[in-house]
Amino acid sequence: MYDVLIIGGGVIGSMIARRLSRYTLKTVVLEKEDDVGEETSSANSAIVHSGYDPKPGTLKAKLNVEGNAMFDDIARELDVQFERIGSITLANTDEEVEVLKDLAKRSEANGVPYKILNHDELKEIEPNITDQVKQGLLCPTAGIVNPFELTVAGFENAMDNGVELFLNQTVKSIKRVGDHFVVTTQDKEYETKYVINAAGTHADEINDMVNEPFFRIKPRKGEYMVLDHFDNSYCRHTLFNVPSSKGKGVLISPTTHHNYLIGPSAEFVDDREDVSTDAETIKNVKEQARRLFDSINYREQIRTFAGDRAYAEDLNGKGMDFIIEETTPHFINVAGIQSPGLASSPAIARMVVDMIEDKVEKKDYNPTRRPTIRLKEKDLDTKVALVKENPKLGKIVCRCETVSEGEIIDCIHRNCGARTIKGVKRRVRPGMGKCQGGFCQVEVGKILARELNENVMDVMYGKTGSYILKENLNKEGK
Ligand SMILES: Cc1cc2nc3c(=O)[nH]c(=O)nc-3n(C[C@H](O)[C@H](O)[C@H](O)COP(=O)(O)OP(=O)(O)OC[C@H]3O[C@@H](n4cnc5c(N)ncnc54)[C@H](O)[C@@H]3O)c2cc1C
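Counting in this note's numbering, the sequence shown runs from 221 upward without gaps.
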């Protein structure tokens, strides 16, 4: 019998699992995919929003500001890349300047530090903005984080502290039996005292297994372009257009790896996992980005991607706040966690774990994850010393992102380790660069097979069935 069962291996499941791991509770996480962070938590703008935008008095406003303040400690403890670079919302017209005034009032009400800057002040700190920009709202507490790394690191640390994680477990039904629940997946039953629903765009389906339906998730897709890292000072802050009814609009932002993100679009889609991109939408994103920067170096574009927001509405079609409540005893919905869900995730976890009764703190809880290697960031002397200690760190597998065999092996053998080529790519970045894995993908596959003691033919790119090799032409069968 588990004390707590979490459905969903996204950033919300991760932060809750880690928070629960401080207590002597028997906790398990069920995730339907082959890896954690496979859905929205790895396909977003990666912004730790300051909290200037959500309506004052909402859970979104409260948890965004609280979550933002928790990021320095979380990033340090989990060794996750995070930088407080600040965000600026740019106004190009008189009407937009009026919207900025409203946003400044919201910032004030939400307790978010801000400053209004004029065109010349903005040009000094962001030289590439358009001449049309009139004013900007600078929020210095905004940051950028590596969202996938945060999700993985939270699970790794939770598992180091005793939490169990089962992948490829799709929850099909939940039944209350006496004082506990029986949660059934395609091949197993789990008994638990508490259920936490952190199933992202599927959260309404999970709710409906236990409660009367009271909300619907309408997935709203956002498409992006990614530029290679070509100039670290090209864009120094996260730059937003003024928000509209569809959300915060198109932004340009550096990532923690000095790539640049341009997007997202915002269109409702039928399929909860539709992450396709199309030329027309990308063209519209480019047009909106032109309101921020005159000329964007699209020759540096290396990829497009998309993620689905878990937009929640009530049964009358009215948009909802984050839904975080113990809807029936011991069943906690954490649903409708669209933006700023990433920024709010540590505070959401604290709020949810506070709802669990009868917790006893562990004496041996360790909040710190073993640091990752990140060879590329080290100076030459440190690299030399590290390679002497572990020669596999001297063998570079991905030349675009300078990733060594030693780092790939390390990410496979940690708790919540990589099992697929995409899992390795997201953890230590081979395949994230200009060639997008053209040169290193097969080598990564061979390392995975060797380290996991699998046949190389069985290594998957990502989801189950995504084989990368068709036939083994090596007569010795290696
Ligand atoms: C385009 C876009 C931009 C965004 N930008 C930002 C931003 O800059 N800053 C910010 O703060 N927020 C942002 N967000 C929001 C943020 O990404 C989300 O709030 C956050 O990732 C939600 O995490 P989650 O764990 O709830 O969902 P997910 O990451 O989707 O995780 C849910 C998990 O549940 C699993 N699951 C579902 N059904 C089942 C089942 N039956 N059984 C087992 N497992 C199941 C799924 O496979 C999935 O892994 C953005 C979102 C989008 C789409």
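Glycine residues also receive a C-beta, built at the ideal position from the N, C-alpha and C atoms.
- With contact defined as three or more Cβ pairs closer than 8 Å, the segment 366-386 and the segment 259-268 are in contact.
- Within the same chain, T350, Q352, V353, K354 and R511 come within 8 Å of N312 by CB-CB distance, once the 5 residues on both sides are set aside.
- In the structure shown, Y518 adopts helical secondary structure according to DSSP, grouped into three states.
- Residue pairing by DSSP places V231 in no beta bridge whatsoever.
- For the pair D254 and L387, the CB atoms are nearer than the 7 Å cut-off.
- Within the segment 527-600, the runs of alpha helix (DSSP H) that reach at least 4 residues and sit entirely inside it are, in chain order, 561-574.
- The three-state reading of DSSP puts L342 in helix, counting H, G and I together.
- At the C-beta level, M429 and I394 come within 7 Å of one another.
- For the set A669, S464 and F302, the Cα lying nearest the Cα of E316 is the one of S464.
- Nearest C-alpha to R519 among L447, V505 and H477: L447.
- Across the set A289, G287, D541 and S564, the C-alpha of D541 shows the shortest separation from the C-alpha of A532.
- Secondary structure note for C359: its beta strand (DSSP E) is the uninterrupted segment Q355 to C359.
- Taking 7 Å as the cut-off, the Cβ atoms of C455 and Y480 count as close.
- In this structure, the CA atom of H269 is about 10 Å from the CA atom of A289.
- V300 and C620 have their alpha carbons spaced roughly 21 Å apart.
- For V285, the enclosing alpha helix (DSSP H) has its first and last residue at L279 to L298.
- By the 16-neighbour rule on beta-carbons within 10 angstroms, R670 is exposed.
- Annotation for C636: V256, V372, F375, E376, M379 and L385 place their beta carbon closer than 7 Å to its own, counting only its chain and skipping 5 residues before and after.
- For H633, the three-state secondary structure derived from DSSP is helix.
- Using a cutoff of 6 Å, the CB of R529 counts as near ligand 1, since one of the ligand's heavy atoms is closer than that.
- Residue environment for R296: exposed (fewer than 16 other C-beta atoms within 10 angstroms of its C-beta).
- Distance from the C-beta of H422 to the nearest heavy atom of ligand 1 is below 6 Å.
- For the pair Y272 and V332, the CB atoms are nearer than the 7 Å cut-off.
- With contacts defined by Cβ atoms closer than 7 Å, V573 and L240 form a contacting pair.
- Under the rule that a run must span 4 or more residues, the alpha helix (DSSP H) segments found entirely inside the segment 382-435 read 423-427.
- Assignment of A311 by DSSP, reduced to helix, strand and coil, places it in the strand class.
- In this structure, G230 sits away from V249, with a CB-CB distance that is not shorter than 7 Å.
- Excluding five sequence positions before and after V383, the CB atoms of its chain that fall closer than 6 Å to its own CB belong to A237, S241 and T247, given in chain order.
- Secondary-structure assignment with DSSP links P611 through no beta bridge to anything.
- Residue pairing for L471: DSSP places it in a beta bridge opposite F460 and G483.
- Beta-bridge pairing by DSSP links P439 to A530.
- Nearest Cα to F488 within the set E443, T476, D451 and H400: E443.
- Counting along the chain, V648 sits inside the alpha helix (DSSP H) bounded by residues I641 to V648.
- Inclusion of K645 and G653 in the CB contact set at 7 Å is not warranted, their separation being larger than that value.
- Just so you know, the alpha carbons of V505 and E493 end up roughly 21 Å apart.
- C-alpha of D678 to C-alpha of A569: approximately 36 Å in a straight line.
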